[in-house]
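Position 284 of the sequence shown, counted from 1, bears residue number 284 in full-length UniProt numbering, the numbering being contiguous throughout.
For every residue, glycine included, the Cβ atom is placed at its ideal position computed from N, Cα and C.
This report concerns only the one structure given below.
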Amino acid sequence: MCSQGAGTGEQSMMRAPEYSEIMMQTCDQPKKGLNRIGIPAAAPFLYGTIHDLLAARITSGELPAGTVLKETSLSHQLGISRAPVRRALGLLVERGLITPARGQGYVVSGRADAQVVISPRRLQQILNREPGDIDRSAAWERILAEVVDEVTACMPFGTFRIQEAELGDYHAVSRTVARDVLWRLMDQRLIEKDRKSHWIVGQMTARDLHETIEMRTLLEPAALANVGKGLSQAWIVGIAQRVEKAIATFPACGSAELDGIEQAMFRTMYDGQRNSRLLGSIQRNQISLLVPKLFRQHFSIRDDLPGLYDHAAILNSLLHGDIKAACARLCSHLQRTEALTLARLRVLSQLPLPDHAPYMTAIH
1 MCSQGAGTGE QSMMRAPEYS EIMMQTCDQP KKGLNRIGIP AAAPFLYGTI HDLLAARITS
61 GELPAGTVLK ETSLSHQLGI SRAPVRRALG LLVERGLITP ARGQGYVVSG RADAQVVISP
121 RRLQQILNRE PGDIDRSAAW ERILAEVVDE VTACMPFGTF RIQEAELGDY HAVSRTVARD
181 VLWRLMDQRL IEKDRKSHWI VGQMTARDLH ETIEMRTLLE PAALANVGKG LSQAWIVGIA
241 QRVEKAIATF PACGSAELDG IEQAMFRTMY DGQRNSRLLG SIQRNQISLL VPKLFRQHFS
301 IRDDLPGLYD HAAILNSLLH GDIKAACARL CSHLQRTEAL TLARLRVLSQ LPLPDHAPYM
361 TAIH
């Protein structure tokens, strides 16, 4: 439990607005530049990168007219799965850069007396001339953040079923990779499996928020007590300056900066935690952080100033080496945010069912 008397000043004790007040404040339209679920523009998909690479090699003449391109050989030379290669080849067909061959594979479009077969060694040289052309990190790593955004953006609005095969098709990865991503989401407690082994995104409830905030109140001050002494003074000063600037310019500081500050305060700050079980438990119980992030994607920022004052007080205690006070202030902050978080969840749940990724099917 939090110790009493750990308040962070008059500003940090500002009353959290009621649900009815938030409803009155948020009658404006969702912010421009985001779709209705607020998913930011994603990074280029792997198939898009492959498409661009092959298109560049074709237009440069390195893959001349008549060259035979096969899905298997391309995926082997690029060191990636076949699914994104297949999708990239489909896009090249749509552009008219290649055409389906009579047998297997595709042929580079243009005048050619005969089909050109390139040796595996030469194909490898052409495709891998620039080492940074293709991201060869694990396939699940490339799409995990996008899938998390797509899944969590729907959680306040209902219950959804994830189609594993459609997820793979949508992100141009194999079904094995799609399953790997889903298991990681399950480990983070973002999804679950029902009795029929369907992947289910459950609707976020008030009980979910209450229980996870209660867990955070127990776990995160303990984690801060462990890592507080080891935090870099330069890092603390840097975050403190960001918070100070956000307070001074609020609300012009913008939602992206508030998201970044919360990322630093509640995730980056615990990176030095040596107790991996404690760190894992914290990460699995931070679902409450999704609500303000989603809320700010739909509506202008209005009620985040008290939280910024809390952050400033926590960082000030850390700068003065008073870890105990910092932990107490963190605990108090987490307790005070519950009412606002619940009110925001109710507001989000009143919005129309949003657009969502095609691999997700609304159940209710």
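Asked	Found
Can you name, in chain order, every residue of its own chain whose Cβ lies under 8 Å from the Cβ of R82, other than the five neighbours on each side?	E71, T72, S75, S174
From the DSSP secondary-structure annotation, give me the bridge partner or partners of V68.	V107
How should Q297 be labelled, buried or exposed, when 16 other C-beta atoms within 10 angstroms of its C-beta is the threshold for buried?	buried
What runs of the beta strand (DSSP E), each 3 residues or longer, lie entirely inside the stretch 110 to 178?	160 to 162
Would you call S276 buried or exposed, if buried means 16 or more other Cβ atoms sit within 10 Å of its Cβ?	exposed
Report all residues from its chain with a CB closer than 7 Å to the CB of R344; omit the five preceding and five following residues, and keep chain order.	I22, V291, P292, F295
Have a look at A246, M204, R179, Q286 and flag the residue whose alpha-carbon is nearest the alpha-carbon of V347.	M204
Tell me which same chain residues have a C-beta within less than 6 Å of the C-beta of R86, skipping the five on either side of it?	E71
Under three-state DSSP, which class holds D355?	coil
Tell me the residue span of the alpha helix (DSSP H) that contains L101.	Residue 101 is actually Ala in this sequence, not Leu. Careful: A101 lies outside any alpha helix (DSSP H) and carries neither H nor E.
What does the alpha-carbon distance come out to for the pair I58 and V108?	7 Å
Give the straight-line distance between the Cα atoms of A222 and R274, rounded to the nearest whole angstrom.	12 Å
Taking just the CA atoms, how far does G48 sit from R242?	36 Å
Would you mind reading off the limits of the beta strand (DSSP E) that contains A362?	360 to 362
My output table needs one value for I191: the three-state DSSP class, helix, strand or coil.	coil
Quick test of the definition: if touching needs 3 or more C-beta pairs under 8 Å, does the stretch 296 to 315 touch the stretch 251 to 266?	yes
Any C-beta of chain C sitting closer than 8 Å to the C-beta of I126?	Among the protein chains of the structure shown there is no chain C, as only one such chain exists.
Would you mind stating whether S288 and T217 have Cβ atoms separated by less than 8 Å?	no
Measure the C-alpha to C-alpha separation of V116 and P64 and round it to an integer number of angstroms.	8 Å
Going by beta carbon distance, what residues of the same chain come within less than 6 Å of E338, once the five residues before and after it are set aside?	I213
Do the stretch 90 to 105 and the stretch 138 to 148 make contact, defined as three or more Cβ pairs closer than 8 Å?	no
For the alpha helix (DSSP H) holding I50, just list the boundary residues, first then last.	46 to 59
Put I247 into one of helix, strand or coil per three-state DSSP.	helix
Below 8 Å, how does it come out for the stretch 146 to 154 and the stretch 182 to 191: are there three or more Cβ pairs, yes or no?	yes
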